[in-house]
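To keep things clear, I will list the structure first and then write my remarks on it.
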Amino acid sequence: MHVIEMKLAGRMKKGDVPEYFATIHRVPGNEYITVKLISADGEREHLVEANNPDDVFSMAECLQYHLDGCKGTNSMIHDYYRILENFTD
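Take this note's numbering: the last position of the sequence shown gets the number 117, and nothing is skipped along the way.
So, in structure tokens, the structure goes:
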């Protein structure tokens, strides 16, 4: 089984919509994971090397910061790292 795409929503205040959404996907055989961060200001696309743990961790830090709305602890970042691991080699 391969996970090909995952969609995440950021932190939500009651009765509000998240500031950020993220779409993570990787076509099997492609060397990059594509991560799109989506907000009211627009969309940013990141290409993450699927076989580079440092690049994956850096993206996990970025996802955690934007989706949670704060600089997180190491364990908070690792929650996102584990999600991204579904797309690594």
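Note that the Cβ used here is the ideal one computed from N, Cα and C, for glycine as well.
Beta-carbon separation (whole angstroms), residue i vs residue j, contact threshold 8 angstroms
i, j, result
"N58", "D117", "Contact flag wrong, Cβ pair sits at about 11 angstroms."
"E73", "T62", "6 angstroms"
"G38", "L95", "4 angstroms"
"F115", "V31", "6 angstroms"
Distance CB(residue i)-CB(residue j) smaller than 9 angstroms
i, j, result
"M40", "I111", "no"
"L75", "F49", "no"
"Y93", "E77", "no"
Buried/exposed call for residue i, threshold 16 Cβ in 10 Å
i, result
"M29", "exposed"
"V84", "buried"
"A68", "exposed"
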